[in-house]
């Protein structure tokens, strides 16, 4: 939109995008680059003095990613990052135009280019697959394997992919539509995953294809792109290509009504694959519980770990490995809480033995309980009751869900 006021900097610019808050290109680019640098720093996608490979296919996303990485490396010379471009040419898909565009991009950016071709044995294996979706998945797996092996041969420990949030969401929808919803790998929606000795990363996982295309068009990256759009998706078989095109159009259509559609799909599938032990919380403050080894190292000599109390351990085993010097003296910290410990254990004996399994306390709450003494016992007992009630409700919720989803024959 021409000659409008930016919703961010409140200045009248020649180009202001109506979608995404009505921002000018300068504010849009600043926010995009900030998010990209934050993700890359958090996931360690650009290690110090390392070799990084960028997978380029001639598409808009990989071209935009290469140009952004070139700008980041050029401005941050202290990183001393050596960047290589890797490309896989597929004879079945006839990507001669993409190969020319990749060579032009490498010459423009000044990055060395390494091109690989799917050999005839892989082509014959892929042509023998009858199912179109299986053929597309195998072709993608072969491509990733070739890219990672090529990156490893070049000495690169990180491989960057240009998959945007729209592409990842489309892949998830395609897998669900084809009946593979329960077999979607966690790596399909993660920022990074390991393939051999190479860390494969997706810097654009939280960036929609619309935002990437907007940046590429404004920065003139289309002249280095051999193809683009939904027509380039899929393999040579029309069935798999049609499924990928329909899924991407479905995501793009939903984004017209809700801009966060692709982000919602990606984050949902990532939540489904979270490990069960990653969400352990303290029963007193609902904070994150540290690992036992970390808590044991942080314990001072005079503190007592009350996690063992809740787990029903004997009172003589409550002290950590670094015992207090006055533990054997009368009135020392070894016997100060003995009555409260016995009271908790007696309460535990009258309750279910499985009711207190897995109860954890954070380090701060353990220190508070150790200082409070008698006042903390009532709080512990209330927390145990609260935990037991929560587990009963969760068990009932699971039983109801299994009953509703069960097939009545």
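Numbering (this note's numbering), first residue to last: 75 to 483.
Glycine residues also receive a C-beta, built at the ideal position from the N, C-alpha and C atoms.
According to DSSP, what are the bridge partners of residue i?
| i | result |
| --- | --- |
| residue 156 | 125 |
| residue 273 | 232 and 268 |
| residue 299 | DSSP, once it has assigned bridges, lists no residue as partnering residue 299. |
| residue 99 | DSSP lists no partner for residue 99. |
| residue 110 | DSSP lists no partner for residue 110. |
| residue 162 | 190 |
| residue 86 | 79 |
Determine whether the beta carbon atoms of residue i and residue j lie at a separation below 7 Å.
| i | j | result |
| --- | --- | --- |
| residue 178 | residue 298 | yes |
| residue 130 | residue 176 | yes |
| residue 158 | residue 180 | no |
| residue 210 | residue 339 | no |
| residue 120 | residue 155 | yes |
| residue 99 | residue 89 | yes |
| residue 190 | residue 224 | yes |
| residue 232 | residue 296 | no |
| residue 266 | residue 117 | yes |
| residue 192 | residue 164 | yes |
Among residues of its own chain, excluding the 5 on either side of residue i, which ones have a beta-carbon nearer than 6 Å to its beta-carbon?
| i | result |
| --- | --- |
| residue 326 | none |
| residue 235 | 129 and 276 |
| residue 471 | none |
| residue 220 | 162 and 190 |
| residue 395 | The pLDDT assigned to residue 395 is 35, lower than 50, so where the model puts this residue is not dependable, and the model offers no usable value. |
| residue 467 | none |
Using C-beta distances below 7 Å, list every residue in its chain close to residue i, excluding the 5 sequence neighbours before and after it, in chain order.
| i | result |
| --- | --- |
| residue 286 | 134, 135, 138, 238 and 278 |
| residue 366 | Confidence at residue 366 is low in this model, with a pLDDT of 46, below 50, so its placement is unreliable and the value that follows should be read with caution. None. |
| residue 337 | 239 and 280 |
| residue 307 | Residue placement at residue 307 is poorly supported in this model, since its pLDDT is 43, which falls under 50; the coordinates are not used for a value here. |
| residue 147 | 153, 155 and 157 |
| residue 349 | Low confidence applies to residue 349: its pLDDT is 47, below 50, so where it sits in the model is not reliable enough to give any reading. |
| residue 114 | 120 and 277 |
| residue 464 | none |
Shortest alpha-carbon distance to residue i belongs to which of the options?
| i | options | result |
| --- | --- | --- |
| residue 227 | 216, 101, 188 and 245 | 188 |
| residue 248 | 101, 323 and 219 | 323 |
| residue 320 | 262, 111 and 246 | 246 |
| residue 104 | 123, 83, 115 and 241 | 83 |
| residue 145 | 122, 113 and 184 | 184 |
| residue 182 | 464, 141, 150 and 218 | 141 |
| residue 122 | 96, 151 and 222 | 151 |
| residue 329 | 283, 109 and 464 | 283 |
| residue 110 | 143, 220, 91 and 466 | 143 |
| residue 91 | 291, 220 and 149 | 291 |
| residue 218 | 262, 229, 294 and 464 | 262 |
If I measure Cβ to Cβ from residue i and keep anything under 8 Å in the same chain, skipping five residues before and after, which residues do I get?
| i | result |
| --- | --- |
| residue 106 | 281, 285 and 289 |
| residue 271 | 226 and 231 |
| residue 86 | 77, 78, 79 and 80 |
| residue 420 | Because residue 420 carries a pLDDT of 46, less than 50, the predicted location of this residue cannot be relied on, and the following value inherits that uncertainty. Excluding positions up to five away in sequence, the list is empty. |
| residue 293 | 138 and 141 |
| residue 186 | 158, 159 and 180 |
| residue 229 | 125 |
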